[in-house]
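Visitor: Residue numbers for the sequence shown follow the numbering used here, so the first one is -1 and each next one is one higher.
Beta carbons: idealized from backbone N, C-alpha and C, even for Gly.
Once you've had a glance at the structure underneath, I'll fire off some questions.
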Amino acid sequence: MHIYTMTSIVVNPETALTRKVRRTQRSGATYEVDRSVEHTISKAFLTAHLLTASVEQAERAVTDALASWDRNKESLEDLFQAVLDAAVRRQDSGAPGSTEPDSGGSLLPTELQTVLALSLELRRCFVLRMLAGLSVAMCARLLQLNPRRVKQYTCAALKRLPSCGERFPYAISSVV
């Protein structure tokens, strides 16, 4: 899916997230950097949405990360990591809606909607390992799990998602 298609699906033009992106883009950076920032934000939002199963929580995670990101000192990868950290913290803090998928899942492609049906642990490990491409060590650190547990949850998620090879032929970066 092309970045602008995904952005138009999941980011409402009236939301705080879109306004924050526009402000970030007006800060004088070049057009190419703006596209890079936009792509990273789209990728981060989609990942946070899949992690939290909530459009609202994903948007808050991105907004929180953008508010603390210094584009002159930090890379886009730092921004992406900050969004993941914020999304996991939101769930771990017991934010409302953190275990039940919200209606925003219907905005996702069918293949990704099935991910939202996984239990919290399985979904988080699957999204971070298989879709975001993080290492076992990175997932374990982020989720505060034993690396063996990350592998177990990822394998269990793969078993619960039928025809995974056909349904998930791409990583998140190729979706946005």
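#1: Which two residues bound the contiguous alpha helix (DSSP H) that contains residue 122?
#2: Please return the same chain residues whose Cβ sits closer than 7 angstroms to the Cβ of residue 58, not counting the five positions on each side in sequence.
#3: Using the Cβ count rule (16 or more neighbours within 10 Å means buried), how would you classify residue 71?
#4: Quick one: grab the DSSP three-state call for residue 115.
#5: Do you know offhand how far residue 45's Cα is from residue 146's?
#6: Would you kindly work out how many angstroms separate the C-alpha atoms of residue 73 and residue 112, rounded to a whole number?
#7: Give the range of the alpha helix (DSSP H) segment to which residue 128 is assigned.
#8: Is it buried or exposed, residue 169, if we count other Cβ atoms within 10 angstroms and call 16 or more buried?
#9: Would a C-beta distance cut-off of 9 angstroms place residue 114 and residue 121 closer than the cut-off?
#10: At which residues does the alpha helix (DSSP H) containing residue 107 begin and terminate?
#11: For residue 154, which of helix, strand or coil comes out of DSSP?
#12: Going by DSSP in three states, residue 52 sits in which element: helix, strand or coil?
#13: DSSP on residue 71, reduced to helix/strand/coil?
#14: In whole angstroms, what separates the C-alpha of residue 34 from that of residue 63?
#15: Is the beta carbon of residue 85 less than 9 angstroms from the beta carbon of residue 50?
#16: Verify whether the separation of the beta carbon atoms of residue 130 and residue 82 is less than 9 angstroms.
#17: Taking the alpha helix (DSSP H) that residue 141 falls in, what are its first and last residues?
Guide: In this structure, then:
#1: 118 to 124
#2: 88
#3: exposed
#4: coil
#5: 22 angstroms
#6: 32 angstroms
#7: Note, residue 128: premise wrong, no alpha helix (DSSP H); not H, not E.
#8: With a pLDDT of 49 at residue 169, under the threshold of 50, the predicted position of this residue should be treated as unreliable, and no value is reported.
#9: yes
#10: Element bounds for residue 107: n/a, residue is neither H nor E.
#11: helix
#12: coil
#13: coil
#14: 16 angstroms
#15: yes
#16: yes
#17: 134 to 141
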